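Engineer:
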Amino acid sequence: MSPSSLRARLRSGMHARLRAGAALIAVVAAMSTAAVLPAHADGGVVIDQGVVINEIESDAADGVDWIELMNAGSQPVDVSGWVVKDDKDDRTDALPDGTVLAPGSSYVWAAPALTFGLGKADAARLFLADGVTLVDSYSWTQHAATTYGRCPDGTGAFTVTAASTQGARNECGSVPPVPSPSQTGPAPTLPAAGAIVVNEVESNGDDTDWFELFNTTGAPIDLTGFIVRDNDDSKRYDLPTGSVVPSRAILLVDQLTAHSPGFDFGLGGTDQVRLFAPDGATLVAEASWEVHAATTYGRCPDGVGDLRDTTVSTKGAPNNCALPIAINEVESNGGTPGDWIELVNLSGASISAGGLVVTDSDIAGHRYTIPAGTTVAAGGRLVLDEAAFGFGLGVADEVHLFDVDGVSELDATSWSAHAATTWGRCTDATGAFAVTAEPTKGAANRCAGEVTVEPWPGGADVRVLDDEATFSGDLSGLAAADGGLWAVENGNGLLYRLEGERFAPAAGWAGGIALRYPDGTGRVDAEGVTAVGGAVYVSSERDNAHGSVSRPSVLRYDVPSSNTAGDVLVADAEWNLAPDFPGLGANAGLEGITWVPDAWLTARGFADERAGAAYDPSRYPGHGEGLFFVGVEGTAKVYAYALNADGSFARIATIDTPFALVAEVQFDRGLLWIVCDEACNGRTATYDIDATGTFAPTHVYARPANAPDVANEGFAISPTCVDGRAQTFYADDADTDGFSLRSGTLPCTTGTPGGVDPEPSPTTSPTTPVLPGTGGGGPAESALTDAARGGLVAPASVVAGQPVTLTVPAADVGELVGVWLFSTPTDLGTDTATATRTVTVTVPVTTVPGAHRIVVTDASGAVLGWSEITVLAAPTGALPATGGDATLPGALAVAGVLLVAMGAGAVRRARLVRRA
Numbered sequence: 021m022s023p024s025s026l027r028a029r030l031r032s033g034m035h036a037r038l039r040a041g042a043a044l045i046a047v048v049a050a051m052s053t054a055a056v057l058p059a060h061a062d063g064g065v066v067i068d069q070g071v072v073i074n075e076i077e078s079d080a081a082d083g084v085d086w087i088e089l090m091n092a093g094s095q096p097v098d099v100s101g102w103v104v105k106d107d108k109d110d111r112t113d114a115l116p117d118g119t120v121l122a123p124g125s126s127y128v129w130a131a132p133a134l135t136f137g138l139g140k141a142d143a144a145r146l147f148l149a150d151g152v153t154l155v156d157s158y159s160w161t162q163h164a165a166t167t168y169g170r171c172p173d174g175t176g177a178f179t180v181t182a183a184s185t186q187g188a189r190n191e192c193g194s195v196p197p198v199p200s201p202s203q204t205g206p207a208p209t210l211p212a213a214g215a216i217v218v219n220e221v222e223s224n225g226d227d228t229d230w231f232e233l234f235n236t237t238g239a240p241i242d243l244t245g246f247i248v249r250d251n252d253d254s255k256r257y258d259l260p261t262g263s264v265v266p267s268r269a270i271l272l273v274d275q276l277t278a279h280s281p282g283f284d285f286g287l288g289g290t291d292q293v294r295l296f297a298p299d300g301a302t303l304v305a306e307a308s309w310e311v312h313a314a315t316t317y318g319r320c321p322d323g324v325g326d327l328r329d330t331t332v333s334t335k336g337a338p339n340n341c342a343l344p345i346a347i348n349e350v351e352s353n354g355g356t357p358g359d360w361i362e363l364v365n366l367s368g369a370s371i372s373a374g375g376l377v378v379t380d381s382d383i384a385g386h387r388y389t390i391p392a393g394t395t396v397a398a399g400g401r402l403v404l405d406e407a408a409f410g411f412g413l414g415v416a417d418e419v420h421l422f423d424v425d426g427v428s429e430l431d432a433t434s435w436s437a438h439a440a441t442t443w444g445r446c447t448d449a450t451g452a453f454a455v456t457a458e459p460t461k462g463a464a465n466r467c468a469g470e471v472t473v474e475p476w477p478g479g480a481d482v483r484v485l486d487d488e489a490t491f492s493g494d495l496s497g498l499a500a501a502d503g504g505l506w507a508v509e510n511g512n513g514l515l516y517r518l519e520g521e522r523f524a525p526a527a528g529w530a531g532g533i534a535l536r537y538p539d540g541t542g543r544v545d546a547e548g549v550t551a552v553g554g555a556v557y558v559s560s561e562r563d564n565a566h567g568s569v570s571r572p573s574v575l576r577y578d579v580p581s582s583n584t585a586g587d588v589l590v591a592d593a594e595w596n597l598a599p600d601f602p603g604l605g606a607n608a609g610l611e612g613i614t615w616v617p618d619a620w621l622t623a624r625g626f627a628d629e630r631a632g633a634a635y636d637p638s639r640y641p642g643h644g645e646g647l648f649f650v651g652v653e654g655t656a657k658v659y660a661y662a663l664n665a666d667g668s669f670a671r672i673a674t675i676d677t678p679f680a681l682v683a684e685v686q687f688d689r690g691l692l693w694i695v696c697d698e699a700c701n702g703r704t705a706t707y708d709i710d711a712t713g714t715f716a717p718t719h720v721y722a723r724p725a726n727a728p729d730v731a732n733e734g735f736a737i738s739p740t741c742v743d744g745r746a747q748t749f750y751a752d753d754a755d756t757d758g759f760s761l762r763s764g765t766l767p768c769t770t771g772t773p774g775g776v777d778p779e780p781s782p783t784t785s786p787t788t789p790v791l792p793g794t795g796g797g798g799p800a801e802s803a804l805t806d807a808a809r810g811g812l813v814a815p816a817s818v819v820a821g822q823p824v825t826l827t828v829p830a831a832d833v834g835e836l837v838g839v840w841l842f843s844t845p846t847d848l849g850t851d852t853a854t855a856t857r858t859v860t861v862t863v864p865v866t867t868v869p870g871a872h873r874i875v876v877t878d879a880s881g882a883v884l885g886w887s888e889i890t891v892l893a894a895p896t897g898a899l900p901a902t903g904g905d906a907t908l909p910g911a912l913a914v915a916g917v918l919l920v921a922m923g924a925g926a927v928r929r930a931r932l933v934r935r936a
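Per the working numbering, numbering of the sequence shown is gapless, rising by one per residue and ending at 936.
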C-alpha cells in the first residue's frame with residue numbers, strides 16, 4: 021500500500037455545532053451519452069467518429085472476458101494499432117496491423133490477444149494509436165448478469181443486455197438502460213482560470229479519502245472527462261458523465277469503495293490533488309500539502325480563502341473554519357482549589373482565546389468572558405478556575421463555550437452527576453466525554469483502558485541503510501530470519517532477500533522475485549511477510565491485476581535457494597479470508613503478518629474466542645504448530661487465525677488496537693508488536709496475554725525521537741544482541757528522499773530476548789482456493805422481537821431518497837453499525853456512531869412508500885434495535901439512491917458517491933476528526 025493508501029480510521033471525535041445556513045446535497049446523476057472524440061486519418065482510409073465500444077463481457081462462464089468494437093459510422097475505419105485499456109493505464113493491448121472495420125461491422129478483442137481480465141468494478145477504454153487520445157470508454161461497478169452493451173446496437177446508451185451476443189447485434193429486449201458513468205462526451209470548454217478550485221481535502225481521517233471542487237462562477241461547469249491525479253502522474257481518475265458543479269457550489273469527489281465508484285488511489289501525508297482537462301496536460305486546479313491536516317484542509321470562506329486547517333470535517337458541505345478550540349476536561353466537585361474548566365487548542369498553531377465566553381447551564385446568568393490577550397499554544401491547554409469565572413458547577417450541569425460574539429456556540433458538554441474523578445474527553449482532545457481515570461488539570465486526559473504514549477525505549481536516531489533508488493517505492497512488510505531480512509514490495513508484488521551489513525538485496529535478488537497466486541496468475545499486492553520453518557508467508561490486500569477487487573489472502577511460498585533476474589514465484593497455498601471480511605475495501609485489507617507458536621500461547625492461557633474456552637490446538641487439526649496473526653488496515657484490528665491444510669481457516673481471536681490503522685505485526689521477544697505508520701505519528705504498541713487469556717496492551721511507544729514521520733509499513737527486530745542492543749528495521753513505503761530502509765536500536769532487555777524459533781510442521785496446499793465473499797444478507801426477521809423493539813430512536817417518517825438519522829443508545833461511540841430496512845431486507849449501509857450515538861444512512865429512492873421497519877445491527881449482525889418508520893414517496897424526478905454496502909464485519913466499504921452541496925450549507929452536527 022502506498023503512503024497515500026486508503027485509510028480506514030477510528031472515527032472518534034467531538035460533536036460540534038456547524039451553523040452555516042441551509043444546504044442541499046444531491047447525488048450527481050450519471051448520464052448516458054454515446055459521443056466519441058474525433059480520430060485522425062491513416063493510410064488513406066477515412067476515420068470518422070463511428071468506432072465505439074459496443075458490448076463488454078467481464079464475467080464470462082468460461083472465464084474469457086472480451087470487448088466488442090463496432091463501426092457505427094458510414095465509412096471504413098482503420099483501427100490498426102489502436103489501444104485497448106481497462107481502468108489501469110499500465111494494462112494495454114494494441115489492435116493488430118491491417119485491422120479495418122467496415123461500416124456496421126464488429127471486432128471482438130478477447131484472450132489471448134486480450135492480455136488482461138476485466139473486474140467487477142472496472143472500465144473498458146479505447147484510444148488512438150498514440151495511447152493518449154480517448155475514443156470511447158465505459159465503466160461499471162458490478163458485473164452484468166449478461167453483458168453491458170449499447171441499445172440500440174452501436175448507437176445507444178449502455179445497458180445490461182438481454183443476452184450475450186459476441187460479434188453479433190446486441191440483444192436488448194425490454195431491459196431498461198443503466199447509467200453510463202464514464203462514457204466519453206464532446207470535448208468540453210475549459211473553465212476560466214480560478215473558476216474551479218480545490219475547496220476541501222481529507223487525506224487521513226474519514227473512512228475514505230476525498231476532496232471537494234468548488235465553482236466560483238455564476239454558471240454551472242461540466243467537468244465530465246476531466247482527469248484527477250495526486251502527486252503521481254501514473255495515477256489517474258476520469259470524472260464520470262454528469263460531473264457538473266453548480267454555480268457557487270460543491271462537487272464532492274470520493275474514493276473508490278467496493279460498492280461505489282471513485283478514485284482508486286489514496287492521498288498521503290505529503291501529496292497533491294490536481295485536476296486536468298481531458299487532454300491530460302492542461303492544469304485546471306490544484307492543492308498541495310506537506311503533512312496530513314488534523315481535521316481537513318479547507319478554504320474559508322468557501323472557494324476564495326486560502327487552504328487552512330478546518331475546525332471540523334464537512335464532507336460535501338460548506339467549510340467550517342471556526343476557532344479550533346474545545347472543552348476538554350471539567351472538574352465539578354472537590355477540585356483544587358475549586359471547580360475548573362480546561363480548554364484545548366486543536367490546531368497546530370497558537371490561537372487567541374480572548375473574548376470567548378464560558379457559561380454553565382444558566383447561559384444568561386452565569387457568563388465569563390476570557391480576558392483579552394489570552395492565548396493557547398499549539399495543542400496546548402487553558403485552565404479556567406472557579407475563582408476566575410465566578411460560579412460553581414453543579415451535580416447536573418453543563419458547560420458551554422461561545423465565540424467572541426457570545427452567541428455562536430463552539431462546544432458544549434453536560435453531565436447528570438458529579439464524576440468521581442473528572443468529566444473529560446476520552447481520547448484526550450478528540451473523543452467523547454466520559455468519566456476520566458484521574459484528574460489531569462492542564463495535562464492530557466487519562467482514560468480508563470488507555471495506555472500512555474511513552475518515548476521509544478531504544479536509541480533516538482535511525483540511519484538509512486539502502487542506497488538511493490535501491491527500491492522504487494512501495495517497500496512494505498519485513499521479517500528477520502537467518503541473519504537477514506525478508507521484505508515485500510506491494511506495488512509490483514515482489515519478494516526480496518536482504519543481507520549483509522547494510523541489508524542490501526542478496527545476489528540474484530536485485531530486482532526481487534515477482535509473486536503469483538497458486539494458479540500462476542496475478543500480481544500480488546504483497547503487504548506483509550513472515551518466515552515460518554522453511555516457507556515464507558505473505559499477506560496481501562488484493563490482486564493488483566484487478567486492483568478494485570478485495571482479496572485479503574495469506575499465501576505460502578517455497579523459496580528457492582538461488583534466484584535469477586526475471587524469476588517468478590508461484591504460491592503453493594492460499595488462504596483467502598474474504599468471507600470473514602465481506603465488503604472490505606480493496607485497499608483496506610491485510611497488512612502485517614506474523615506467526616506465534618502454540619506452545620507459547622497455551623503456556624500463557626490464551627483464550628479462543630471461537631470456542632469460548634482456553635485455546636486447544638487439537639481443535640484445529642492440520643493447522644501446524646502455531647497461529648498466524650494478521651493486521652487489517654480497514655478495521656485497525658489484529659486477528660489470530662488457524663490456517664488449515666485443506667485451505668479452510670478459523671478465526672481464534674480479535675485484538676483491538678489504539679490506532680487508526682494497522683501497518684505491521686510482529687511477534688518477537690515474547691511480545692506482539694503492532695505498528696501504525698504516519699497516520700498515528702509512527703507509534704508502536706506491544707501486547708501480552710493478560711489474566712483473562714486475551715492480548716492486552718502493555719506499552720504504546722512513540723517513534724524514535726529523531727526518526728522522520730514517514731510511511732513505515734514494515735518493522736522487524738534482529739534476534740542478535742550487540743552491546744545490549746538489538747537492531748530494528750523500518751520499511752518506508754513512500755521511499756522518502758529516495759530511501760526505503762532504515763535502522764534503529766532497541767534494548768535487549770525489552771521483552772524476552774531471543775524470542776521463539778518458529779519451526780512448525782509443514783502444511784499442504786489448500787485443495788480448493790476460497791473466493792472472495794459477497795457480503796451478508798441482513799438479520800433474520802425473527803430477530804425483530806418485542807424485546808429489541810425501541811432500541812433506537814427514529815423519526816416517524818422519511819422521504820425516499822433522503823437521509824435519515826437514528827439515535828442508537830446501545831451503540832458504543834465510534835462503533836460501526838449496519839442499518840437495514842424491512843420487510844424485504846434492504847441494506848442501507850453502515851455508519852459510525854457519533855458522540856451522541858447517532859448514525860445516518862439514506863433510504864433508496866426506489867423504496868416502496870408505506871410502513872416499514874428500520875433495524876440497526878452490530879458488527880456480528882446482532883440486532884441493537886428497531887422501530888417502525890413510514891417511507892413517503894420521493895418527489896418526481898428524484899435521483900436514485902441504491903441502498904447500502906453490506907459491509908459490517910470489518911467494514912470499510914462505505915458508500916462513496918459524487919455529491920453536490922448547493923447553497924450556503926446546513927445546520928448540522930459534525931465530528932472533529934484528529935489523528936491519534
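Glycine included, C-beta positions come from ideal geometry on N, C-alpha and C.
This one's a predicted model, so the numbers in the text were calculated from it and none came from an experiment.
1. Closer than 6 Å by C-beta to A239: which residues in its own chain qualify, once you throw out the five before and the five after it? Chain order, please.
2. Using CA coordinates, which residue listed in V876, P477, A122, S802 is at the minimum distance from P829?
3. Grab me the residues of E310's own chain with a C-beta within less than 7 Å of its C-beta, minus the 5 sequence neighbours each way, in chain order.
4. Between the alpha carbons of D107 and P281, how many angstroms are there, rounded?
5. Taking C-alpha atoms, which residue in E801, T827, T472 lies nearest to A722?
6. Which residues in the same chain have their Cβ closer than 6 Å to the Cβ of D62, if we skip the five residues on either side of it in sequence?
7. Take the Cβ of I73 as the centre, count every other Cβ of all protein chains shown within 10 Å, and call the residue buried at 16 or more, exposed below.
8. Can you check the stretch 111-163 for any beta strand (DSSP E) of at least 3 residues that lies completely inside it and give the ranges in chain order?
9. Give me the residue from A725, P678, A711, Y635 with the minimum Cα distance to A705.
10. For F409, name the three-state secondary structure that DSSP assigns.
11. Just curious, the beta strand (DSSP E) that W840 is in, first and last residue?
12. So, helix, strand or coil for G758, using DSSP?
13. Buried or exposed, going by whether 16 or more other CB atoms sit within 10 Å of the CB of I67?
14. Taking 8 Å as the cut-off, decide whether the C-beta atoms of A598 and P637 are in contact.
15. Which residue comes first and which comes last in the beta strand (DSSP E) that contains W435?
16. Report buried or exposed for Q747, applying the criterion of at least 16 other Cβ atoms within 10 angstroms of its Cβ.
17. Rounded to whole angstroms, what is the Cα-Cα separation between H566 and A144?
18. Check T846 in the structure and name its three-state DSSP category.
19. Measuring only the C-alpha atoms, how far is G451 from T541?
20. Do you know how far the Cα of V104 is from the Cα of F147?
21. In the DSSP assignment, find the beta strand (DSSP E) that holds L421 and state where it starts and stops.
22. Examine the Cβ distances between the stretch 495-508 and the stretch 463-481 and report whether three or more of them are shorter than 8 Å.
23. So, using beta-carbon positions, are A342 and T331 closer together than 8 Å?
24. Does P786 come out as helix, strand or coil in the three-state DSSP assignment?
25. Should A437 and V403 be called a contact, given that it needs their Cβ atoms to be closer than 8 Å?
26. Return the CA-CA distance between S100 and G174, expressed in angstroms with no decimal places.
27. Count the other C-beta atoms from every protein chain shown that fall within 10 angstroms of the C-beta of Q686, then say buried if there are 16 or more, exposed otherwise.
28. Out of S367, E88, D253, state which residue places its alpha-carbon closest to the alpha-carbon of A188.
29. Can you name the start and end residues of the alpha helix (DSSP H) that W476 belongs to?
30. For Y537, which three-state DSSP category applies?
31. Identify whether D620 lies in helix, strand or coil by the three-state DSSP scheme.
32. Let me know the secondary structure DSSP gives A803 once reduced to three states.
33. Check whether the stretch 498-517 and the stretch 529-537 are in contact - that is, three or more C-beta pairs closer than 8 Å.
34. Quick one: give me the first and last residue of the beta strand (DSSP E) that N726 is part of.
35. In the stretch 341-418, which residue ranges form an unbroken beta strand (DSSP E) of at least 3 residues, counting only runs that do not cross its ends?
36. Measuring CA to CA, which of F759, T236, W160 is closest to S78?
Structural biologist: Short version:
1. Correct list, in chain order: S267.
2. The shortest Cα separation from P829 among V876, P477, A122, S802 belongs to V876.
3. Excluding residues within five positions, the ones whose Cβ falls inside 7 Å are T290.
4. It is roughly 12 Å from the alpha-carbon of D107 to the alpha-carbon of P281.
5. Closest in C-alpha terms to A722, from the list E801, T827, T472, comes T472.
6. Because the pLDDT at D62 is just 31, under 50, the model does not fix this residue reliably, and the value given afterwards should be weighed accordingly. Excluding its 5 nearest sequence neighbours in each direction, D62 has C-beta neighbours in its own chain below 6 Å: D98, listed in chain order.
7. Buried is the call here.
8. Taking only runs of at least 3 residues, the beta strand (DSSP E) segments lying wholly in the stretch 111-163 are 112-114, 126-130, 142-147, 154-160.
9. Closest option to A705, Cα to Cα, is P678.
10. Correct three-state label for F409: helix.
11. Residues 836-842.
12. Of the three classes helix, strand and coil, the one that applies to G758 here is helix, per DSSP.
13. Caution applies to I67, whose pLDDT of 36 falls short of 50 and renders its modelled position unreliable; the value that the coordinates give is listed next. Its Cβ being crowded by 16 or more others within 10 Å, I67 is buried.
14. No. Outside cutoff.
15. Per DSSP, the continuous beta strand (DSSP E) segment holding W435 begins and ends at 429-435.
16. Residue environment: Q747 is assigned as buried (16 or more neighbouring CB atoms within 10 Å of its CB, all protein chains considered).
17. In a straight line, the C-alpha of H566 is about 13 Å away from that of A144.
18. Residue state, collapsed to three classes: strand.
19. Looking at the two C-alpha atoms, the distance is approximately 45 Å.
20. A direct Cα-Cα distance of roughly 6 Å separates F147 from V104.
21. Per DSSP, L421 belongs to the beta strand (DSSP E) from 417-422.
22. By the Cβ rule, the stretch 495-508 does not count as touching the stretch 463-481, because fewer than three pairs are nearer than 8 Å.
23. The answer is yes: Cβ separation under 8 Å.
24. Confidence at P786 is low in this model, with a pLDDT of 41, below 50, so the placement of that residue is unreliable and no value is reported for it.
25. Their beta carbons are not under 8 Å apart, which means A437 does not touch V403 by this criterion.
26. Rounded to the nearest angstrom, the two C-alpha atoms are 20 Å apart.
27. Classification of Q686: buried, given that the 10 Å Cβ count is 16 or more.
28. Minimum Cα distance to A188 is reached at E88.
29. Per DSSP, W476 belongs to no alpha helix (DSSP H) and is neither H nor E.
30. When DSSP states are grouped into helix, strand and coil, Y537 belongs to the coil group.
31. Strictly speaking, residue 620 in this sequence is Trp, with Asp absent from that position. Three-state DSSP puts W620 in a helix.
32. Helix, per DSSP.
33. Short answer: they touch.
34. In the DSSP assignment, N726 falls outside any beta strand (DSSP E), carrying neither H nor E.
35. Taken in chain order, the complete beta strand (DSSP E) segments of 3 residues or longer contained in the stretch 341-418 are 345-351, 360-365, 377-379, 387-389, 401-405.
36. Cα-wise, what sits closest to S78 is W160.
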